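**Q**
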Amino acid sequence: MRVSLLILSTCVFGWMSICVANESVSPPGSMEVVPSLEENEPDKISVIKSDERPLVPEPFLNDYFGAKPKRFLIDPQNLISRNDRKKLEDFLIYHAGDSSIDIYVSVFATDQRIPDEVLQDELIKRHFSEGKPAVICHYFLDAPRRSTIHLSASLTDVVSVTEQGRALDSSKVGAMKTRSSSQQLEEFLVQMSIRVYWMERMLEGSINQELENLPSNEVDQPFENDELATENDHPVWLVNSVWAAGGLGLSAIILWGLVTWLKIRRKFMFPELPVEPRLGGVHAAGIGAVVSFSSPALAPASQRDQIPAHTRRA
Amino acid sequence: MKCPRCVQRIHRAAAACPHCEFTILDADILFGSEVPRLRSLTDSAGIFRRFQRDLLEDLMNQISSAFPQIFVSIYTGSLGDSGNLRQFGFWLLNRGIFEDIPAEKTNEAGILIVIDPDSRSAGITFGYLLDPFLGEQDTFDCLSRAHSHWLEGRYADGALRCLHFLEKLLRKRCEQARREPNKFEQRISRPFVANDLEKHSRDPKQINDGEEMNR
Chain A
118 MRVSLLILST CVFGWMSICV ANESVSPPGS MEVVPSLEEN EPDKISVIKS DERPLVPEPF
178 LNDYFGAKPK RFLIDPQNLI SRNDRKKLED FLIYHAGDSS IDIYVSVFAT DQRIPDEVLQ
238 DELIKRHFSE GKPAVICHYF LDAPRRSTIH LSASLTDVVS VTEQGRALDS SKVGAMKTRS
298 SSQQLEEFLV QMSIRVYWME RMLEGSINQE LENLPSNEVD QPFENDELAT ENDHPVWLVN
358 SVWAAGGLGL SAIILWGLVT WLKIRRKFMF PELPVEPRLG GVHAAGIGAV VSFSSPALAP
418 ASQRDQIPAH TRRA
Chain B
5 MKCPRCVQRI HRAAAACPHC EFTILDADIL FGSEVPRLRS LTDSAGIFRR FQRDLLEDLM
65 NQISSAFPQI FVSIYTGSLG DSGNLRQFGF WLLNRGIFED IPAEKTNEAG ILIVIDPDSR
125 SAGITFGYLL DPFLGEQDTF DCLSRAHSHW LEGRYADGAL RCLHFLEKLL RKRCEQARRE
185 PNKFEQRISR PFVANDLEKH SRDPKQINDG EEMNR
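Residue numbers (our numbering), protein chains in the order written: chain A, 118 to 431; chain B, 5 to 219.
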């Protein structure tokens, strides 16, 4: 039983990592691995070409992309139940009242595809170049990993691509914690709201470092596609350890320098003891050693005993 | 304590050597009665280069700074045989005036290193201040540090080695004197003379004590 559970969990993990890896790199027309039904059923994996997905029905395109949305939750296809929609809209309105950055969510069906003719960047520029900064999410029901975000022009200058990727990944991971479609979207938005708070701080000119201080459960995997992601990915404990080691080393050097300086500066005083003069010398009669260095054969050791010349053996 | 001429042992308060009757006056006859004026580093033999003299002077000043009572002097010159070297050191430290040494530092606090490149020998003489703290072996150790350099004619290197060791030795002795002052006081205690025993035996207090003991 335990062995089978272990195998099952290994499969789930493996499958999830494959999915995440493939989802994050999804150029148009490429093959895409998508779970067919449930998130926790790794055996039922079907491979669908991105080009084979059905497009968003044309009548709804204008509602989605025609003008700047009047509501924060854009669901012209009525994919979400009324109760859930109200709940989510209330949340987004509450967020908008509390934050200087709005969140707009366009909800699409699981396997729908936004037509290539829709130029996202141009639409964002057109609709959101004025007014409050906004984060526009394209959310696919039951497939949170396909979600994408776009930032209004005022935010793209401040929030790096790395941070955008982190925000999206964090929201995807949050959504995948549950199975229910509505709860997944709710979790997605909660995580996005948290991340938007930090974007707001960055917008206000706060330091990027604060992003590193997020609680561990909110710090997600780095955005794998972005090469810049490696810059600030050092764990906090490693950075702290390096700083601590550096501080200790510097303290040791300073201490060593101080001790050396004190040693150099130290004064030595001999006690002045009364010594009776000898041999008529007023100042000195301390006759020390005499060493000859006339020959290498005459080593210092042989001269240790300073004896009168007439007593030396010839 | 040894006599600078006959190198025989003498007692601490000897007015003249009991073996050869040497005194400072004999040295005056040998080296002159004029008062020699010199600098603490006098290179009469011309064995040091300019930069070497600077190095030596720096180290000598460093020692003087660490030991405010003491100064170190180096003299190089031709003196004849090594027997004269001891006498010359004794004479120079007693008669010499070191012009660059502050007046408050008397020659009693001096350490004189004499190097004779002709006879190829060197010796150390020191003043009464250091008499209890330095011995013949200590000075021998200092000079033996320089022996290999002097053997090759590298006089400055040898002198530097000698001074470095001297500085370490002085620090050590100073620490020892601070910890065990009695040890050094005993070294210079008044020499025993025959009259002392006589006085000691005739001390009335001791006689009384002895009588009481007998009773």
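Idealized CB from N, CA, C, for every residue including glycine.
Remember, predicted model here, so these are calculated numbers, not experimental data.
Rank B/Leu164, B/Pro22 and B/Ser152 by C-alpha distance to the C-alpha of B/Ile117 and give the top, closest one.
**A** Translated into the one-based positions of the second sequence, residue 117 of chain B becomes position 113. Residue B/Leu164 is the option with its Cα nearest to B/Ile117.
**Q** Does chain A have any CB closer than 8 Å to the CB of B/Lys109?
**A** Your numbering for residue 109 of chain B matches position 105 in the second sequence. No, B/Lys109 lies away from the interface with chain A (no Cβ there is under 8 Å from its Cβ).
**Q** Mind checking which residues open and close the beta strand (DSSP E) that includes A/Phe257?
**A** What you label residue 257 of chain A is simply residue 140 of the first sequence in a count that begins at 1. A/Phe257 -> beta strand (DSSP E) spans Ala251 to Phe257.
**Q** Anyone know if the C-beta pair for B/Phe102 and B/Arg57 falls short of 8 Å?
**A** The residue given as residue 102 of chain B occupies position 98 in the second sequence. The residue given as residue 57 of chain B occupies position 53 in the second sequence. Not a contact, by the Cβ cut-off of 8 Å.
**Q** When every heavy atom of the ligand COA is checked, does at least one fall within less than 7 Å of the C-beta of A/Trp354?
**A** Among the components modelled here there is no ligand, and therefore nothing to report on the ligand COA.
**Q** Within the 8 Å Cβ cut-off, does A/Val408 reach chain B?
**A** Against the first sequence, residue 408 of chain A aligns to sequence position 291. Yes, A/Val408 lies at the interface with chain B (some Cβ there is under 8 Å from its Cβ).
**Q** Helix, strand or coil for A/Ser271? Go by DSSP, reduced to three states.
**A** Here residue 271 of chain A refers to the residue found at position 154 when the first sequence is read from its first residue. In this structure, A/Ser271 counts as helix in the three-state DSSP scheme.
**Q** Of the residues A/Glu321, A/Met293, A/Val290 and A/Leu172, which one's Cα is nearest the Cα of A/Arg230?
**A** Locating residue 230 of chain A in the first sequence gives position 113, counting from the first residue. Among A/Glu321, A/Met293, A/Val290 and A/Leu172, the Cα nearest to that of A/Arg230 is on A/Leu172.
**Q** Under a three-way DSSP split, which group does B/Asp161 fall into?
**A** The residue given as residue 161 of chain B occupies position 157 in the second sequence. B/Asp161: helix per DSSP, three-state reduction.
**Q** Kindly list, in the order they appear in chain A, the residues whose Cβ is closer than 9 Å to that of B/Ser82.
**A** For the purposes of this step, residue 82 of chain B is taken as the residue at position 78 of the second sequence. Those within 9 Å of B/Ser82 in chain A number zero; the least Cβ separation is about 14 Å.
**Q** Would you list the residues sitting across from B/Val118 in a DSSP beta bridge?
**A** Translated into positions along the second sequence, residue 118 of chain B becomes position 114. The partner list for B/Val118 (beta bridge, DSSP) reads B/Tyr79 and B/Gly127.
**Q** A/Thr377 to B/Ser69, Cα distance in whole Å?
**A** Position 260 of the first sequence, counting from 1, holds the residue named residue 377 of chain A. Position 65 of the second sequence, counting from 1, holds the residue named residue 69 of chain B. The straight-line gap from Cα to Cα measures roughly 16 Å.
**Q** Mind listing which residues of the stretch 384-405 of chain A have their C-beta closer than 8 Å to chain B's C-betas, in chain order?
**A** Lys384, Phe385, Met386, Phe387, Pro388, Glu389, Leu390, Pro391, Val392, Glu393, Pro394, Arg395, Leu396, Gly397, Gly398, Val399, His400, Ala401, Ala402, Gly403, Ile404 and Gly405
**Q** For A/Ala292 versus A/Pro250, is the C-beta distance shorter than 8 Å?
**A** Locating residue 292 of chain A in the first sequence gives position 175, counting from the first residue. Locating residue 250 of chain A in the first sequence gives position 133, counting from the first residue. For A/Ala292 and A/Pro250, no; Cβs fall outside 8 Å.
**Q** For A/Ser411, would you say it is in contact with chain B, using Cβ-to-Cβ distances shorter than 8 Å as the test?
**A** Start at 1 with the first residue of the first sequence, and residue 411 of chain A comes out as number 294. Yes - at least one Cβ of chain B is within 8 Å of the one on A/Ser411.
**Q** Measure the beta-carbon distance from A/Ile266 to A/Leu240 and round it to whole angstroms, keeping in mind my assumption that it falls under 8 Å.
**A** Translated into positions along the first sequence, residue 266 of chain A becomes position 149. Translated into positions along the first sequence, residue 240 of chain A becomes position 123. Not really, about 14 Å apart at Cβ, beyond 8 Å.
**Q** Tell me which same chain residues have a C-beta within less than 8 Å of the C-beta of A/Tyr211, skipping the five on either side of it?
**A** Looking up residue 211 of chain A in the first sequence gives position 94. Non-local beta-carbon contacts of A/Tyr211 in its own chain, meaning distances under 8 Å to residues more than five positions away in sequence, are absent.
**Q** Tell me where the beta strand (DSSP E) around A/Ile220 begins and ends.
**A** Here residue 220 of chain A refers to the residue found at position 103 when the first sequence is read from its first residue. It spans Asp219 to Phe225 - the beta strand (DSSP E) in which A/Ile220 sits, taken as one unbroken run.
**Q** Under a three-way DSSP split, which group does A/Val407 fall into?
**A** In the first sequence, counting from the first residue as 1, residue 407 of chain A sits at position 290. Correct three-state label for A/Val407: strand.
**Q** Under a Cβ-count criterion, where at least 16 other Cβ atoms within 10 Å of its own Cβ denotes burial, should A/Phe386 be classed as buried or exposed?
**A** What you label residue 386 of chain A is simply residue 269 of the first sequence in a count that begins at 1. Residue identity check: residue 386 of chain A is Met in the sequence provided, not Phe. Flag for A/Met386 reads exposed.
**Q** Do the CB positions of B/Arg124 and A/Ser419 come within less than 8 Å of each other?
**A** Taking the second sequence and counting its residues from 1, one reaches residue 124 of chain B at position 120. Taking the first sequence and counting its residues from 1, one reaches residue 419 of chain A at position 302. Going by beta carbons, B/Arg124 and A/Ser419 fall outside the 8 Å limit.
**Q** Using only alpha-carbon positions, find the residue among B/Ala49, B/Arg177 and B/Glu61 that is nearest to B/Ala126.
**A** In the second sequence, the residue the question calls residue 126 of chain B occupies position 122. Closest option to B/Ala126, Cα to Cα, is B/Ala49.
**Q** Roughly how many angstroms separate the alpha carbons of A/Asp219 and A/Tyr256, rounded to a whole number?
**A** Translated into the one-based positions of the first sequence, residue 219 of chain A becomes position 102. Translated into the one-based positions of the first sequence, residue 256 of chain A becomes position 139. So the two alpha carbons sit approximately 16 Å from each other.
**Q** If contact is defined by three or more beta carbon pairs under 8 Å, each pair taking one atom from either stretch, is the stretch 153-160 of chain B in contact with the stretch 134-145 of chain B?
**A** no
**Q** Give the single residue among B/Thr46, B/Asp145 and B/Leu96 whose Cα lies nearest to the Cα of B/Ile33.
**A** As a position in the second sequence, residue 33 of chain B is number 29, starting the count at 1. Comparing alpha-carbon positions, the option among B/Thr46, B/Asp145 and B/Leu96 lying closest to B/Ile33 turns out to be B/Leu96.
**Q** Verify whether the separation of the beta carbon atoms of B/Asp135 and B/Ile67 is less than 8 Å.
**A** To locate residue 135 of chain B, count along the second sequence from 1; it is residue 131. To locate residue 67 of chain B, count along the second sequence from 1; it is residue 63. The answer is no: Cβ separation not under 8 Å.
**Q** Give the DSSP-derived three-state secondary structure of A/Leu172 in the structure shown.
**A** Along the first sequence, one-based indexing puts residue 172 of chain A at 55. In the three-state DSSP reduction, A/Leu172 falls in the strand class (E or B).
**Q** Per the DSSP calculation, A/Ala401 is bridged to which residue(s)?
**A** Position 284 of the first sequence, counting from 1, holds the residue named residue 401 of chain A. B/Gly131, per the DSSP bridge assignment.
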